[in-house]
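Peer 1: Residue numbers (the UniProt record's numbering), protein chains in the order written: chain A, 1 to 344; chain G, 1 to 141; chain Z, 1 to 366. Have a look at the structure that comes next, please.
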Amino acid sequence: MKGAETFFVDLARAIVNGLENMGMSALGAEIILLIIKFACIAGIVTVNIIILIWLERKISGFIQLRLGPNRLGPWGVFQTIADAIKLLTKEDIIPSQTDKIIFRTAPIVFIIISLMLYVVLPFGDGMAIVDLNLGVLYFISVGSLGTIALLMAGWGSNNKWSLLGAMRSVAQMISYEIPLVFSLLAVVMIAGSLNMSDIVNAQDKIWFVFLQPVAFITYFIAATAELNRGPFDMPEAEQELTAGAYTEYSGMRWALFFLAEYTNLFAVSALTAIMFFGGFKGPFLPSWLWLPIKAYIIMLVFFWLKWTLPRIRMDHLMAFSWKVLIPVTLANLVVTGCVLHFLK
Amino acid sequence: MGDLLKEIRKNFPSVTIEEDEFLTLRINDGGSLLPLLKLLKTGYGFNYLANLTAVDYKDKFTVVYHIYKIPENEKVCIKVDINRDKPELDSAVSLWPAADFQEREVYDLMGIVFRGHPNLERILLPADFVGHPLRKDYKPA
Amino acid sequence: MLETDFITINVGPQHPSTHGGLHAETVLDGEHIVDLKVHLGYVHRSVEKIAESRTYTQFIPYNSRLDYLATHLPTMGYCQAVEKLLGISLPERAEYIRVIMAELSRIASHMLFIGSLAIDIGATTGLIYCFRDRERIMDMFEMTSGQRLISSYMRIGGFNEDLPEEFYPAVKSFLDDLPYMLDEYNNLLTGNEILQARLKNTGILSAEDAIAYGVSGPNLRASGVAYDIRKAEPYGIYDRFAFDIPVGQKGDNMDRFVVRIREIEESARIIRQALKDMPEGEIKAKVPRVIKPEKGKEVYHRIESSKGELGFYIVSDGGEKPYRLHVRAPSFINLGVLPLISRGGKLQDLIANIATLDPVLGEADR
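Spelled out as C-alpha cells, the structure:
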C-alpha cells in the first residue's frame, strides 16, 4: 500500500536522480521533469475527456430513456474516438468574412487556458505540478481568461449569433466571477492558505463542505455558470443562438472548443473536490485515486443538472448573481470572519 | 339579430340578406363594405374576424368574410362582389388586426388590392413572383 | 455615451426553434426585441390550388399534410365539410370512431407541444418523455391505417375499415397510463422553478388582443376566453360528451402551457366516454361513387383543431372537383400575434413565444 501511495512521487524522484547521474545539472533535470509532467497532463486530459464525453452521452441517454452510444465497442466506448477521427478529418472551413487571425487562435487559446488550470491541482499528496502558494488565485484568474477566447470566437466569426453568444459569455463571467471568488474566499479564510495542498491538508478532520455549506452552494451555482453548462449554457444556447459563439466553427476547431469545455469541467470538478471534499484525502485507496473519484462524482451532478433543467433567462441569470449570490456570499464572508475571530 | 337586420335594411338598401347557418349579407359595391363592417364591429359587437378569403367567379371576384361575435357565437358572413378589372377593396385591418395576414394572403394569391392596408406585400409566395395563382386564368409558367 | 445600434437578426427559417420554416426578422437592442416581422411561405405547397384539380376524395390525403402533428383533425374537418356540402349524415359508429381518432390526434399534438416547448427552452429531456408517450398514439394510428404520422384514415361518409381488435386494449392502457405521464411532465417541467420564471409573465396576450387578432384554440382560451367550437357549436356528436374548457387567466406563456396540459386530460375524458358509448354497426354512409355537390353550393365548416379554429370553405360548381377550397389555418392566423407579444421582451422570450403559440408551418404556409 505504501508503494502505491507514493508511486508517482517516487517515479519523479527516480527520473530526476537518473538524469542527474547521467551528468545533468539539477536545474536541467527539473526542467525535463516539468516537461514530462506537462506531457502527462496533456495525455491524461485527452484520455479523460474521451471517457467523459462517452460518460455524459451514456448518462444523458439513461436520463432520457435512451441507450446512448452502443455500436462501437462494448457499450459504445469507442464512439468518442470515432467522433474524434471524424472531426479531425473534416474540412477546415473558415468563412470568408471572418477576422482570420482571431478566428483561428480562439480555439487554441481556449484549450491552452483550460490546460493551464491543471498546473496547480494537487492530484495526490505532493503531486501538484507546480505547488504554487497562490494556487487558488491562479486557478480563478486563469479560469476566467477562458471568456476571452469565447469573446474572440464570437467577435472573429463576424456572425450576429456568435456575437450575441460572446456578449452573454462576458456578461455572465463578470457577474459570476465575484460570487465564485467570495465563496472560495470563505474556505481560504478557514484554511489560512491559498495553496491547494495546504487547503486539502486543512481538511484532515472535517471537509469544508460541512463547515461552509452556504459557500459550497453558492460556489457550485457560480461554477456551473462559469463552466457555461446547463442550465446556464448561455453562450452556446443552441435553441436560441443556434450555437452561439461556436456557430461558425466546424471540424477540429469546433472540437477544440468542445474539448476545452470538458477540460474545464474536470478541472472545476477537481477544484470543488479540493476545496470542499477533502481533495486527495481518503481511506484505503492511494491519494491520487481519490481526487479523480471525487471529481467524477461531482461531475455526475453537473451532468444531472444539465440534462434535467431548462435554460435560465439571461436577465434572470444576471439578477440572480447580483441580487442573490453576491449578497449571500458577502454575508457568509462576514459570518465566517466573525466566527474565526471569536474562536481565536 | 333583429335590430341588426332592421338597421342593415334601412342603411344599406343594396345589401341582400340570406339566413342560413350564417347570416349572409351580399354586397355589390365595395364602397359600402367598410361602413357595414364598422356597424357590425362597433354597433353589434362582432369582434372576431375568423376567415377572410376570395373566390374567382371568372366574371367577378367575391371576397368572403366570416365574422363572429364570441363567446356568444353569433355568425355573419359577408360576400362582396368586386369588379374583376379593378380588384380593389377597403382594408379591414383597422377594425380587426386579424385581417392583416389574411388580406395579404388574398392579395398574394388572388391579386385583390386592399386599400389602406399597412403592409400589403406577398406573404406566402416570394416577393418577385409574377401572377396570382388562385385566379382561374392563371397559367403556371 | 457610447454610440449603440440595433442589430437585425433573422430567427429562422434555418433555426433550431422555429418549428419548420418560420422566419422572424427581429430587430434587437442587445437582447431586447425592438421589433419583429414574421415572414411565411417557406413550405408553401399551394394546397388550395391543388384542390381545384383533385376530386373531393383525392384531396383527403392533402389534409393530413396540413397539420401533420394532429393528422386526423384536418382530415375530419375536410370530410365533415364535404359531408355538409352533400347533406350526408354518418352512421353512429363512424361518428364515435371519428371522435376517438380526433381526440387522440389532439393529445398527440399537445404532447408534441409540451416536448417542443421543453426543448426550446433548453430542457432536452422533456422532449424525449413526450415523444415516448406520443409514440403509443402513433402505434395506434398505425394499427388503424398502416400509417403513423399522416394516416388518411377517414373517408367522406365515414371509414373504409373498422377499428382493429388490438386497438381497444392499446387505447385503454394508454388512457390508464395517461395520468402518470402527465404527472411526470408536471414533475419534470411544470413545477420547475426555471421553467416558471421563463414562462410566467412573458408573451402576455390579453383577451381583447387575442380576439381582435383572430387568435383561436388553446391560445385564445389561455387568454381567458372560454370559446371552444366543440362546445359553442358542436359538430359531429360532440354535444354528447361531458368535458370542460380549460381557461387561463393572463394569457402568458405559462397559461398557454397549462391550458394544453389540461386539454389533454379533457380529451382523455372524451375518449373514455366515446369508447363506453360506441355502438356496433355500419361505419360508412351511402356516398355516391362520384362526388358531385350541387352547383353553386358552398359551405364553411369549422372544427376545433389542436391549434385552433380550422375552417374549410368549399365552393362547388357542380363538378367532381371543388371550384374553390380555402383552408382557414389557425397556425397562420395565430402567428399574426407573434410580433405583438414578443415586442419588448427578450430574445429568449421570443423562442418561448413561438413554442407556446404552437404553429405548424405546414398548416400556416399550406
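By construction, the Cβ of each residue, glycine as well, lies at the ideal position given by its N, Cα and C atoms. As the structure is a prediction and not an experimental result, all values here were calculated from the model.
1. Would you list, in chain order, the members of the region 101-133 of chain Z that have their beta-carbon closer than 9 Å to a beta-carbon of chain A?
2. Closest by CA to Q348/Z, which one among Y323/Z, S267/Z and S17/Z?
3. Can you name, in chain order, every residue of its own chain whose Cβ lies under 6 Å from the Cβ of V62/G, other than the five neighbours on each side?
4. Output, in chain order, the set of chain A residues within a Cβ distance shorter than 7 Å of I264/Z.
5. Whose C-alpha, out of H110/Z, L73/Z, I341/Z and E265/Z, is nearest the C-alpha of L199/Z?
6. Which residues of chain A have a Cβ atom closer than 7 Å to the Cβ of H15/Z, listed in chain order?
7. Under a Cβ-count criterion, where at least 16 other Cβ atoms within 10 Å of its own Cβ denotes burial, should R256/Z be classed as buried or exposed?
8. Could you confirm whether any beta carbon from chain Z is found closer than 7 Å to the beta carbon of residue 365/A?
9. Using DSSP with H/G/I as helix, E/B as strand and the rest coil, what is S197/A?
10. Measuring straight from C-alpha to C-alpha, what distance separates D239/Z and Q80/Z?
11. Any idea what DSSP makes of H341/A, helix, strand or coil?
12. R221/Z and V259/Z - do their beta-carbons sit closer together than 7 Å?
13. Let me see if you follow: with CB-CB separation under 7 Å, is L40/Z close to chain G or not?
14. Per DSSP, what are the beta-bridge partners of V299/Z in this structure?
15. DSSP has A24/Z in a bridge; who is on the other side?
16. Quick one: is V360/Z buried, meaning 16 or more other Cβ sit within 10 Å of its Cβ, or exposed?
17. Kindly indicate which residue of Y65/G, H66/G, R115/G and M110/G has the alpha-carbon position closest to the one of K58/G.
18. Name, in chain order, the residues that DSSP records as bridge partners for L89/G.
19. Closer than 6 Å by C-beta to M1/A: which residues in its own chain qualify, once you throw out the five before and the five after it? Chain order, please.
20. Under 7 Å between C-beta atoms, does P310/A make it to chain Z?
21. Measuring straight from C-alpha to C-alpha, what distance separates S306/Z and I137/Z?
22. In whole angstroms, give me the CA-to-CA distance for A170/Z and A94/Z.
23. So, at 6 Å on beta carbons, what are the nonlocal neighbours of N195/A in its own chain, with the 5 sequence-adjacent residues on each side left out?
24. Between the C-alpha atoms of L27/A and V130/A, what's the straight-line distance to the nearest angstrom?
25. Am I right that N73/G and A232/Z are in contact with their C-beta atoms under 8 Å? What's the rounded C-beta distance?
26. I need the DSSP call for G248/Z, collapsed to helix, strand or coil.
27. Considering Cα atoms alone, identify which of P164/Z, L73/Z and I107/Z is closest to E304/Z.
28. Please report the distance separating the alpha-carbon of R98/Z from that of I333/Z.
29. How big is the Cα-Cα spacing for V315/Z and L85/Z?
30. From the beta carbon of H316/A, is the nearest beta carbon of chain Z less than 7 Å away?
31. L65/A versus chain Z: which residues are under 8 Å apart at the beta carbon?
32. Would DSSP call I156/Z helix, strand or coil?
33. Which stretch, first to last residue, makes up the alpha helix (DSSP H) that contains L163/A?
34. Hey, which unbroken runs of the alpha helix (DSSP H) at 4 residues or more fall wholly within the region 93-147 of chain Z?
35. How far does the alpha helix (DSSP H) with A223/A in it reach, from first residue to last?
Peer 2: Based on what the coordinates show:
1. For the region 101-133 of chain Z, the residues whose beta carbon sits under 9 Å from a beta carbon of chain A are, in order, A118, I119, D120, I121, G122, A123, T124, T125, G126, L127, I128, Y129 and R132.
2. Comparing Cα positions, the closest option is S17/Z.
3. With the sequence shown as reference, residue 62/G is identified as Thr, and Val is not the correct amino acid for it. A distance below 6 Å between beta-carbons, with the five flanking residues on each side excluded, links T62/G to the following residues of its chain, in chain order: V55, K79 and D81.
4. What I264/Z touches in chain A: nothing, since even the nearest Cβ is about 20 Å away.
5. That would be I341/Z, whose Cα lies nearest to the Cα of L199/Z.
6. Within 7 Å Cβ-Cβ: T242.
7. It counts as buried.
8. Nothing can be reported for residue 365/A, as the shown portion of chain A is limited to 1 through 344.
9. In this structure, S197/A counts as helix in the three-state DSSP scheme.
10. If you draw a straight line from the Cα of D239/Z to the Cα of Q80/Z, it comes to about 16 Å.
11. Here H341/A sits in helix by DSSP.
12. Yes, they are a contact pair.
13. Chain G, which has a Cβ nearer than 7 Å to the Cβ of L40/Z, makes this yes.
14. As computed with DSSP, V299/Z is found in a beta bridge with I314/Z.
15. Assignment of beta-bridge partners to A24/Z by DSSP yields V11/Z and V38/Z.
16. That one is buried.
17. Closest option to K58/G, Cα to Cα, is M110/G.
18. As a beta-bridge residue in DSSP terms, L89/G pairs with F114/G.
19. Because the pLDDT of M1/A is 49, which lies under 50, any placement of that residue in the model is unreliable, and the question is left without a value.
20. Chain Z, which has a Cβ nearer than 7 Å to the Cβ of P310/A, makes this yes.
21. Going from the Cα of S306/Z to the Cα of I137/Z covers about 15 Å.
22. Answer to the nearest angstrom: the Cα atoms are 19 Å apart.
23. Answer for N195/A: N133 and G135, listed in chain order.
24. Put simply, the backbone Cα of L27/A is about 15 Å away from that of V130/A.
25. 4 Å between Cβ atoms; contact.
26. Assigned with DSSP and collapsed to three states, G248/Z falls in coil, not helix or strand.
27. Comparing Cα-Cα distances from E304/Z to each of P164/Z, L73/Z and I107/Z, the minimum goes to L73/Z.
28. C-alpha of R98/Z to C-alpha of I333/Z: approximately 26 Å in a straight line.
29. Going from the Cα of V315/Z to the Cα of L85/Z covers about 9 Å.
30. For H316/A, the answer is yes, since a Cβ of chain Z falls inside 7 Å of its Cβ.
31. For L65/A, the chain Z residues whose C-beta falls within less than 8 Å of its own C-beta are I128, Y129 and R132, listed in chain order.
32. Under the three-state reduction of DSSP output, I156/Z falls in the coil class, being neither helix nor strand.
33. Element bounds for L163/A: K160 to A191.
34. List check, alpha helix (DSSP H) in window: 124-145.
35. A223/A -> alpha helix (DSSP H) spans P213 to E226.
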